[in-house]
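These notes are about the structure you will find just below.
Numbering (this note's numbering), first residue to last: 4 to 455.
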């Protein structure tokens, strides 16, 4: 990794600014402002997470192409092509550092970056695609017009037989047939004298394969360099940023209620039953049942309640009423009240703490006797089915949720739960428990308003 962070930025040299889709073969020698190091990576991460959501929702190829175009336009576009190229390359190599660190992170990053590259390649002009192919130095030659005339009928026959993947007016390339075994096995190419005549859109898949192969090897090498030198050298500066980015929450700030007024203690049970996501419903029920939660559960539920509008005075009264039944009022005042005031920024460093995002909750590791974490990840299948049934989710919607859980798409499972409970789509997906609460409040208020 040869991208450095500093307080000032040194731009790319003119030679390194290309009008083509970057192949990210080697990181450029440049300096990047520390704030840009993180901000560029976050913008690209928004793109990759949008792609991940699209894939997990089963979007078709044309839908994915449109999604990638919009994600890129929203997060990565810049009116200056040179600045956009800089941001593109810097953000890729920063996230390569972030996601090289474990096998699961590498697999996710490889899949999302490959999908991004494929769709960006397909959005390029034909001339740009040819130039990208040339950069890979692939041994493919475009079929000349003269040669095309001699094989046109055969190409037409192939085109008709595959319904049609391409037409005979497409650009074709001569590829050594042994390099396209899947196309040969599927009889999707015409073969003559050891060469397969491959349409431009099929050659694109081979370019993507080359890209994926290179990135896969590069991630392993980056991991070795991160482990051996970078992590220790940058422990006071870049390492905290790199280690935090993979679990970063990229949505709105829910540290304070914005759309609705505060909730009161007398309404909290009703609101919990109608508007809490499963993770918070579970904690709330366990608190009511056991009159106690361990530290992880108190933090997760306490900050959530703060974010949905429970005032400090009410929070102290709420927690005291529950805990006193098990530990007594005096012990509560001595051992637990401080941490509640601390969460509200009234003790210690006076930090206004933010409610946990889905990403943070999913990545937690609850132990024996803990009730925090993400139920979609941490519950057994039987317990999850029971909990979903209590929320009114059953039948086909239940099976769709369980399918996403098995595929480890936990946030999408929560999104499908939301859609089943409230009978409406949630295209943005659920990324934060407080977003779930806010969106459910809007839906319920809208329904109440239309029936009044």
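In this text, a Cβ means the ideal position worked out from N, Cα and C, and glycines have one as well.
Who are residue i's beta bridge partners in DSSP?
| i | result |
| --- | --- |
| residue 175 | 202 |
| residue 193 | 200 |
Our contact map puts residue i next to residue j with C-beta atoms below 8 Å; I'd like the distance itself, whole angstroms only.
| i | j | result |
| --- | --- | --- |
| residue 176 | residue 196 | No, residue 176 and residue 196 are not in contact; Cβ-Cβ is about 15 Å, not under 8 Å. |
| residue 448 | residue 364 | No, residue 448 and residue 364 are not in contact; Cβ-Cβ is about 26 Å, not under 8 Å. |
| residue 201 | residue 139 | Not a contact, Cβ separation roughly 15 Å. |
| residue 326 | residue 295 | 6 Å |
| residue 217 | residue 28 | 7 Å |
| residue 53 | residue 74 | 4 Å |
| residue 59 | residue 407 | 7 Å |
| residue 222 | residue 112 | 7 Å |
| residue 98 | residue 44 | 5 Å |
| residue 78 | residue 50 | 5 Å |
| residue 271 | residue 321 | 7 Å |
| residue 151 | residue 207 | Incorrect: roughly 19 Å between the Cβ atoms, too far for contact. |
For residue i, which three-state DSSP category applies?
| i | result |
| --- | --- |
| residue 268 | helix |
| residue 450 | helix |
| residue 214 | helix |
| residue 144 | strand |
| residue 333 | helix |
| residue 396 | coil |
| residue 429 | coil |
| residue 84 | helix |
| residue 228 | helix |
| residue 379 | helix |
| residue 441 | helix |
| residue 29 | coil |
| residue 156 | helix |
| residue 95 | helix |
| residue 339 | coil |
| residue 79 | coil |
| residue 60 | coil |
| residue 24 | coil |
| residue 361 | helix |
| residue 276 | helix |
| residue 417 | helix |
| residue 243 | helix |
| residue 350 | coil |
| residue 434 | coil |
| residue 403 | helix |
| residue 183 | coil |
| residue 345 | helix |
| residue 207 | helix |
| residue 238 | coil |
| residue 128 | coil |
| residue 371 | coil |
| residue 317 | helix |
| residue 251 | coil |
| residue 102 | helix |
Using a 10 Å radius around the Cβ and a threshold of 16 neighbouring Cβ atoms, would you call residue i buried or exposed?
| i | result |
| --- | --- |
| residue 332 | exposed |
| residue 329 | exposed |
| residue 47 | buried |
| residue 160 | exposed |
| residue 393 | exposed |
| residue 420 | buried |
| residue 360 | buried |
| residue 186 | buried |
| residue 121 | buried |
| residue 362 | buried |
| residue 32 | exposed |
| residue 82 | exposed |
| residue 3 | Residue 3 is absent from the model: the chain starts at 4 and stops at 455. |
| residue 56 | buried |
| residue 386 | exposed |
| residue 275 | buried |
| residue 397 | exposed |
| residue 300 | buried |
| residue 451 | exposed |
| residue 136 | buried |
| residue 231 | exposed |
| residue 309 | buried |
| residue 225 | buried |
| residue 158 | buried |
Is residue i close to chain D, meaning its C-beta is less than 9 Å from at least one C-beta of that chain?
| i | result |
| --- | --- |
| residue 265 | You won't find chain D in this structure, because it holds only one protein chain. |
Let me know the alpha helix (DSSP H) ranges lying completely inside the region 283-312, each 4 residues or longer, listed in chain order.
Complete alpha helix (DSSP H) runs here, min 4: 298-311.
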